[in-house]
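Participant:
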Amino acid sequence: MSSTAAKSTHPAEIRGRQLTAFIAGAQQREYPPEVLEAATRALVDFIGCAVGASRDAPVLPVLPVIKAWNASGKARIFCGGRTTPALAVLANGTMTHAMDYDDTHPMGAGHPSGPCWSTALALAEEHGYTERQAIAGFIAGFEVMAKLGGGGPPGVGRSLQRRGLHPTSVFGRAGAAAVASSLMGLDEQRIAYALGVAATTAGGLVGSFGTHSKPFHAGKAAMDGILAAQLAANGFISATHLYELEKGLLDAFIQNRETEVPALDDFGVKWELLGNSFKPFASCRATHASTQAARSVADKVKGRKITAVHARVHPNALVTAGKTAPRTPLEGKFSVPFCISMGLSGYRVVQTDFVDATMRDPSVAGLVPLVKLEAVPGQEPYCAYLDITLEGGERVKAQTDIVMGHPDNPMSWDALREKFDGLVEPVMGKARTAELFAAARDFGPPGSLAHLSELLAGPDA
117 MSSTAAKSTH
127 PAEIRGRQLT
137 AFIAGAQQRE
147 YPPEVLEAAT
157 RALVDFIGCA
167 VGASRDAPVL
177 PVLPVIKAWN
187 ASGKARIFCG
197 GRTTPALAVL
207 ANGTMTHAMD
217 YDDTHPMGAG
227 HPSGPCWSTA
237 LALAEEHGYT
247 ERQAIAGFIA
257 GFEVMAKLGG
267 GGPPGVGRSL
277 QRRGLHPTSV
287 FGRAGAAAVA
297 SSLMGLDEQR
307 IAYALGVAAT
317 TAGGLVGSFG
327 THSKPFHAGK
337 AAMDGILAAQ
347 LAANGFISAT
357 HLYELEKGLL
367 DAFIQNRETE
377 VPALDDFGVK
387 WELLGNSFKP
397 FASCRATHAS
407 TQAARSVADK
417 VKGRKITAVH
427 ARVHPNALVT
437 AGKTAPRTPL
447 EGKFSVPFCI
457 SMGLSGYRVV
467 QTDFVDATMR
477 DPSVAGLVPL
487 VKLEAVPGQE
497 PYCAYLDITL
507 EGGERVKAQT
517 DIVMGHPDNP
527 MSWDALREKF
537 DGLVEPVMGK
547 ARTAELFAAA
557 RDFGPPGSLA
567 HLSELLAGPD
577 A
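Taking our numbering, I'd label the letters of the sequence shown as residues 117 to 577.
If you want it as structure tokens, here you go:
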């Protein structure tokens, strides 16, 4: 990825220059209004998910560890005090992914706003970067993360998932490193080194899903991205070919090379951010299409005995959300059968539903073992089909053609506001929640970062 090899035509070096040139130019680029609007929508959802989870179980062990490091800095820990950026993003990135309610990249790169917005806000606060610089840095990181991990089912991100690796963790580091490199004004050579450091620290296992480790993936990716850029800024030299299929990260993780590596020649032309996806349900995205279908017929089956549920799902649903007998509410977020059972039982499948009482609810617990999943090759990830058999043999069918929150069936601002309020009001109260929403939605003018940070302060800050 060295910018010095200007005359090389080797594909790896061409791809590398496409990455570094896009990141290096982020602060000078003029962004279309719809891209800026998409960045704002991502910020609102990111903050809502983080504040709502600021005292959730996966977050609570992280906060005292950060406090014990006793690191000074200007970066805000949401609902807390200030510290150095690398530690602030460890907290905030973990928070926003703790409920598994944050935005997703439909083409497989994972959850971009956790690593990318965490990094942009923390570094802007620490170093006094402008709001416009923070937005440009976020967009650069989102685009890099989404393109490297994109491609849909045959692409890199989904290929990594099938091999047990979490794309948010793998490519979140690259996204955060891109954000940090852009904001810090690194030249292309140092950007290449920062990306190399991010690549060599990549990891994160799908086997962690249903535990505190999954949200930690987002926070640690942001932390490592900042570290990578800081090392590169100070002369650290890394390998600069590690996002290629040959002799790099992908060759190590996808050893049979059965994947389609997406092209990088459409940076600034095809904006991945315009395809961002938001979650109406507080669970793994792979559960959503089935959950939506189940909720659509909840009134039809209410009070009637269900004897069987046959669910046709995309094969990836079994990879990331195939837990058939979840034992905890957190595991339930990664169980298509559990989420279908909640939907059929009339639950909204929002965060307040993932509690022990729901696990014990006979209407849910009794249904889970009756749900049988069929993975259908070629079926779109945003579709699902249910065939529900009632006592006496009557059958009720339901389907989701395009899941809510997908870019082809987007959540409105009103829906995002309802989600935001539901997450933040229990933490901050109605009045402060309304002020925080307005501050996030209007982020951009000078002073808006300071106002946002003030609203996000904790009681002891």
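Here a beta-carbon is modelled for each residue, glycine too, at the ideal position from N, C-alpha and C.
In the DSSP assignment, the beta strand (DSSP E) including TYR501 goes from what residue to what residue?
Facilitator: 500 to 506
Participant: Given that a residue counts as buried once 16 or more other Cβ atoms are within 10 Å of its Cβ, and exposed if not, what is ASN392?
Facilitator: By the neighbour-count rule (16 or more Cβ atoms within 10 Å), ASN392 is buried.
Participant: Tell me, which residues are paired with GLU490 by DSSP?
Facilitator: Paired residues: ARG428.
Participant: How would you call ALA368, buried or exposed, if buried means at least 16 neighbouring beta carbons within 10 angstroms?
Facilitator: Exposed, by the Cβ-count rule.
Participant: Give the straight-line distance between the Cα atoms of PRO231 and GLU510, rounded to the nearest whole angstrom.
Facilitator: Computed Cα separation, rounded: 48 Å.
Participant: Look at the alpha carbon of ARG401 and the alpha carbon of LEU446, and state the distance between them as a whole number of angstroms.
Facilitator: Looking at the two C-alpha atoms, the distance is approximately 14 Å.
Participant: Between the C-alpha atoms of ASP381 and LYS488, what's the straight-line distance to the nearest angstrom?
Facilitator: 42 Å
Participant: Is the beta carbon of PHE394 sitting closer than 8 Å to the one on GLY291?
Facilitator: no
Participant: Tell me which residues share the same chain as PRO493 and place their Cβ nearer than 7 Å to its Cβ, disregarding the 5 neighbours each side in the sequence.
Facilitator: PRO431
Participant: Between which two residues does the alpha helix (DSSP H) containing ARG533 stretch?
Facilitator: 529 to 544
Participant: Using DSSP with H/G/I as helix, E/B as strand and the rest coil, what is LEU321?
Facilitator: strand
Participant: Count the other CB atoms within 10 Å of the CB of ASN208; is the residue buried (16 or more) or exposed (fewer)?
Facilitator: Its Cβ being crowded by 16 or more others within 10 Å, ASN208 is buried.
Participant: Is ILE370 near the ligand MG, going by C-beta to nearest heavy atom under 7 Å?
Facilitator: Summarising the ligand content, the structure contains no ligands, and the ligand MG is consequently not present.
Participant: Report the residue ranges of all beta strand (DSSP E) runs contained in full by the segment 207 to 295; include only those spanning at least 3 residues, in chain order.
Facilitator: Whole beta strand (DSSP E) segments, 3+ residues: zero.
Participant: In angstroms, rounded to a whole number, what distance separates the CA positions of MET527 and GLN467?
Facilitator: 17 Å
Participant: Straight-line CA distance for LEU276 to GLY319?
Facilitator: 10 Å
Participant: Taking the alpha helix (DSSP H) that GLN305 belongs to, which residues open and close that run?
Facilitator: 304 to 316
Participant: Any beta carbon of chain C sitting closer than 8 Å to that of GLU150?
Facilitator: Here there is only one protein chain, and chain C is not present.
Participant: Compute the Euclidean distance between the alpha carbons of ILE456 and ARG411, then round it to the nearest angstrom.
Facilitator: 8 Å
Participant: Tell me which residues share the same chain as THR156 and place their Cβ nearer than 7 Å to its Cβ, disregarding the 5 neighbours each side in the sequence.
Facilitator: ARG557 and PHE559
Participant: Is it true that the CB of PHE383 sits closer than 8 Å to the CB of GLN134?
Facilitator: Contact flag set, yes.
Participant: Between LYS336 and THR423, what straight-line distance do the alpha-carbon atoms span, to the nearest angstrom?
Facilitator: 44 Å
Participant: Quick one: give me the first and last residue of the beta strand (DSSP E) that VAL512 is part of.
Facilitator: 511 to 516
Participant: I'd like to know whether the C-beta atoms of ALA398 and PHE470 end up nearer to each other than 8 Å.
Facilitator: yes
Participant: Does DSSP put PRO192 in a helix, in a strand, or in coil?
Facilitator: Per the sequence shown, the amino acid found at residue 192 is Arg instead of Pro. Of the three classes helix, strand and coil, the one that applies to ARG192 here is strand, per DSSP.
Participant: Hey, which unbroken runs of the alpha helix (DSSP H) at 4 residues or more fall wholly within the segment 125 to 161?
Facilitator: 127 to 140
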